[in-house]
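Chemist: Sequential numbering from 0 applies to the sequence shown in numbering that gives the first Met the number 0.
Please find one structure pasted underneath; my questions will follow.
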Amino acid sequence: MNEPISAGLKAYVENNQETLIQLLDTLCRIPSPSNHEERRAEFIKNWFEKEGCKGAYIDDALNVIYPFHCEEQKNLVAFTAHTDTVFPDTEPFDVIYDGDIMRCPGVSDNTANLSMLMLLASYFTKNNMVPKQGILFVASSGEEGLGNLKGVRQLMKDYEGKISELLAIDGSYDSIVNQAVGSLRYRVGVHTEGGHSYGKFGNQNAIQTLSSMINTLYTYKVPKPGKSTYNVGTITGGTSINTIAQYAEMRFEYRSDVRESLASMNRFFQSVIEAYRNMDHVQIECELLGERPCTGDVNPEKQTALENKALDLMEAFTGKRPQCYSGSTDSNIPLSVGVPSICFGGHMGTGAHTREEFLTVKDLKLGMLIVGAFMETYF
């Protein structure tokens with residue numbers, strides 16, 4: 000049986016694990032909250048330039064894009080790894096080593112995969128390798144939360160009609176995301192007259208009104224087919240214990256991996272909002288904070304071929320064939336406009352989106368071999 004990876008790339012990955020850890024450590028210490036990726040983007044651009052990756056640039060969305068042999072190419076493949084983390088911190092994190100464990104918020108989601116993308120781009124460049132089609136190596140912005148996929152949205156807009164496939168390097172190598180979970184995220188504010196809790200007892204209370212609205216929203220039975228969910232994530236409001244609240248607000252989201260189900264849930268949400276707007280002495284604000292699309296009309300044969308290529312490689316390296324599932328990733332945007340896309344990564348980390356996040360260092364080599372072997376199929 001032939002090796003699923005070239006001898007040259009295999010040796011590079013095996014001989015550069017310390018380089019990977021050093022780069023990962025450096026990146027982890029550069030704060031990069033969603034919508035504030037400037038410092039990390041500047042570092043990545045400068046790093047590409049030092050590695051001889053000429054032409055790397057930062058776009059309006061704070062993506063760092065390195066076009067590789069893209070001149071006069073009509074079909075491009077994009078490899079993305081997001082630079083932002085879910086954490087709002089603007090001061091550097093500490094990286095803690097505990098034997099083979101590396102601990103830091105954001106270390107696995109998604110800084111480890113970002114580090115791999117950068118080193119692999121350097122390898123293909125320094126070895127003067129010529130791909131079958133142009134490649135875009137993209138350190139993408141705004142993948143998390145209210146980043147609203149701004150980076151890959153900008154990428155697909157700027158290269159409209161040219162990107163034929165996209166791999167989002169995110170997550171681990173024991174599964175593949177092959178279907179987009181769409182979402183709608185809202186801020187809902189409730190204004191009422193309020194007043195003194197004793198002297199104006201009986202006046203409309205914003206917290207009570209918002210609570211009633213939430214109870215109504217939670218009576219909804221999620222539609223089928225597909226998986227659909229909804230959630231109130233935060234509630235704020237009120238003035239004091241002896242004040243009838245004049246204002247309260249919540250943040251609410253719907254998710255589904257089926258377009259029709261997402262649309263059905265949104266219709267119900269809008270009907271509830273309208274009903275409460277018609278109440279006396281109540282004013283309702285409703286702001287759309289984020290919208291992520293579901294999978295659109297993707298050519299099933301091309302999508303399946305892309306999935307099987309990744310599954311075959313993972314099985315060749317690990318001996319196990321991973322499962323595919325739906326998720327919310329950079330792949331949402333290409334999938335929504337009919338471009339085949341999948342998402343998987345090169346680490347086996349734990350505790351993503353928590354401050355206890357960590358990964359096992361020894362697993363990075365196998366992950367980087369898998370990611371590198373997938374990229375190498377385009378050469």
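We put the CB at the ideal spot given by N, CA and C, even for glycine.
Closer than 8 Å by C-beta to Leu-145: which residues in its own chain qualify, once you throw out the five before and the five after it? Chain order, please.
Modeler: Result list for Leu-145: Ser-33, Asn-34, Arg-184, Leu-288 and Gly-289, in chain order.
Chemist: Per DSSP, what are the beta-bridge partners of Arg-254 in this structure?
Modeler: According to DSSP, Arg-254 bridges with Ser-182 and Thr-228.
Chemist: How long is the line joining the alpha carbons of Ser-255 and Ala-179, rounded to whole angstroms?
Modeler: One C-alpha to the other measures close to 8 Å.
Chemist: Taking Asn-62 and Ser-139 to be in contact with their CB atoms under 8 Å, please state how far apart those CB atoms are, rounded to whole angstroms.
Modeler: That belief holds up - the Cβ atoms of Asn-62 and Ser-139 are roughly 5 Å apart, short of 8 Å.
Chemist: Note down, in chain order, each residue of its chain lying with its Cβ closer than 6 Å to the Cβ of Ser-325, except the 5 sequence neighbours on either side.
Modeler: For Ser-325, where only same-chain residues beyond five positions count, the Cβ hits under 6 Å are Gln-178, Val-180 and Asp-256.
Chemist: Just the C-alpha distance for Lys-241 and Ile-20, rounded to the nearest angstrom, thanks.
Modeler: Before going further, note that residue 241 is Asn rather than Lys in the sequence given. Spanning the two alpha carbons is a distance of roughly 55 Å.
Chemist: For the putative contact between Phe-343 and Tyr-172, defined by C-beta atoms under 8 Å, what is the C-beta separation to the nearest angstrom?
Modeler: The pair is a contact, with the Cβ atoms about 6 Å apart (cut-off 8 Å).
Chemist: State buried or exposed for Pro-104, treating a residue as buried only when at least 16 other CB atoms are found within 10 Å of its CB.
Modeler: Pro-104 is buried by the Cβ-count criterion.
Chemist: Would you mind reading off the limits of the alpha helix (DSSP H) that contains Phe-136?
Modeler: Unbroken run through Phe-136 is the beta strand (DSSP E), 133-139; no alpha helix (DSSP H).
Chemist: If Val-129 and Leu-358 are in contact, beta carbons under 8 Å, what's the gap, nearest whole angstrom?
Modeler: Val-129 to Leu-358, Cβ: 33 Å. No contact.
Chemist: Am I right that Leu-133 and Phe-67 are in contact with their C-beta atoms under 8 Å? What's the rounded C-beta distance?
Modeler: Checking the sequence, you will find Gly at residue 133 rather than Leu. Indeed, because the Cβ distance is near 7 Å, the residues count as touching under 8 Å.
Chemist: Nearest CA to the CA of Ile-175: which residue from Val-94, Glu-41, Ser-340 and Gly-7?
Modeler: Nearest option by C-alpha distance: Ser-340.
Chemist: Please classify His-346 as buried or exposed, where buried requires at least 16 other C-beta atoms within 10 Å of its C-beta.
Modeler: Under this definition His-346 is a buried residue.
Chemist: Three-state secondary structure (DSSP) at Glu-37?
Modeler: Helix, per DSSP.
Chemist: I need the straight-line Cα distance from Glu-71 to Lys-161, nearest angstrom please.
Modeler: Distance between the alpha carbons of Glu-71 and Lys-161: 11 Å.
Chemist: Under a three-way DSSP split, which group does Glu-284 fall into?
Modeler: DSSP places Glu-284 in strand when its eight states are reduced to three.
Chemist: On the DSSP bridge list, what partners appear for Gly-188?
Modeler: DSSP, once it has assigned bridges, lists Glu-248 and Glu-284 as partnering Gly-188.
Chemist: Opposite Lys-243 in the DSSP bridges: which residues?
Modeler: Residue identity differs from the one stated: residue 243 is Ile in this sequence, not Lys. Per DSSP, Gly-194.
Chemist: So, at 6 Å on beta carbons, what are the nonlocal neighbours of Thr-294 in its own chain, with the 5 sequence-adjacent residues on each side left out?
Modeler: Closer than 6 Å at the Cβ level, and outside the excluded window around Thr-294, lie Gln-178, Ala-179 and Leu-334.
Chemist: Do Phe-378 and Leu-166 come within 8 Å of each other at the CB atom, strictly closer than that value?
Modeler: Cβ atoms of Leu-166 and Phe-378: not closer than 8 Å.
Chemist: What separation, rounded to the nearest whole angstrom, lies between the Cα atoms of Thr-402 and Thr-89?
Modeler: Since the first residue shown for the chain is 0 and the last is 378, residue 402 is missing from the structure and cannot be characterised.
Chemist: DSSP three-state label for Leu-365, please.
Modeler: Three-state result, Leu-365: helix.
Chemist: Checking 8 Å against the spacing of the C-beta atoms, do Gly-236 and Ala-274 come in under that value?
Modeler: Against a cut-off of 8 Å, the Cβ pair of Ala-274 and Gly-236 comes out as no contact.
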